[in-house]
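To keep things clear, I will list the structure first and then write my remarks on it.
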Amino acid sequence: METTSGFMGGLYRACDWIMKLTILNILWISFSLLGLILFGIFPATAAMFAVVRKWAMAEMDVSIFQTFWQSYKKEFVKGNLLGAIITICSIVLYIDFHFLQVATNSAIKMLFIPFWIIVFLFICTLFYVFPMFVHYNMKIRDVLKNSFFIMVMNPLRTLIMLVSSGGLVFLLTFAPPLMIVCSGNVLALAMMKPAYNAFEKINRHHTN
């Protein structure tokens, strides 16, 4: 009887998690579309991380829709500003990549190595940007600066984020319909928990 009860309890928790993740992902997709994607995806992503942050803090019974909606409204302008900076940086890197590809000068070709190092650091910094954005009340400049420093200070956690996020994206490419249920939400979980642990480690260091 205990085994059955334990199994049923585990099954209930698994179904509950699937339902929560599905609701969160549908909200993320819907509110991204609500802002015509261009103006919606970054506030919606911030709102999604706000919900996942609550879960990382063991607040499992939080209202998903209420938390999401409040964060979406509150961070709409600031989230789009952050998104604009990320987008501009990405476009600059994309242009640089094409410039290096077509360059015939061997000296310029040698810039490929520092270029890929910069791209790698940029991607790893992004893992901490939204977790920090929703966890601290900071100016965007400080969010970006501190995300970089925390990334450098936590190489193991950053590696975990990189591997888990890359693995999830790889798996989802084989089952595109699953993206409705798990895409942004699962990636947010893969980033938020290690980032939250890094924030707590820094807080403990400062209090001691």
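Note that the sequence shown ends on residue 208 in the working numbering; no numbers are left out. Glycine residues also receive a C-beta, built at the ideal position from the N, C-alpha and C atoms.
Distance CB(residue i)-CB(residue j) smaller than 7 Å
i	j	result
M48	A188	yes
A56	K193	yes
C124	T87	no
M161	M191	yes
L178	I140	no
V62	K54	yes
Y128	A84	no
I64	L33	no
Member of the options whose CA lies at the smallest distance from the CA of residue i
i	options	result
N185	F170, I29 and V143	I29
I118	Y94, L11, P131 and S106	Y94
G35	F127, M132, E75 and R13	E75
W69	F31, L162, I140 and V181	F31
W17	L121, M60 and M110	M60
I26	H205, V181, R204 and N203	V181
S165	Q66, V152 and L126	L126
G167	T104, V152, W116 and S183	S183
Boundaries (first-last residue) of the alpha helix (DSSP H) holding residue i
i	result
P155	P155 to L172
M57	Where M57 is concerned, there is no enclosing alpha helix (DSSP H), given that its DSSP letter is neither H nor E.
G35	Segment: none, G35 is in no alpha helix (DSSP H) and carries neither H nor E.
N80	F76 to V102
Y136	Here Y136 belongs to no alpha helix (DSSP H), and DSSP marks it neither H nor E.
Contact the segment 126-136 vs the segment 192-208: 3+ CB pairs below 8 Å: Here the segment 126-136 makes contact with the segment 192-208; the two share three or more CB pairs at distances below 8 Å.
Inter-stretch contact at 8 Å, needing at least 3 Cβ pairs: the segment 168-180 / the segment 141-149: Because the criterion of three Cβ pairs below 8 Å is not met, the segment 168-180 and the segment 141-149 do not touch.
contact_flag[the segment 40-47, the segment 96-115] where n(CB pairs < 8 Å) is 3 or more: No, the segment 40-47 does not touch the segment 96-115.
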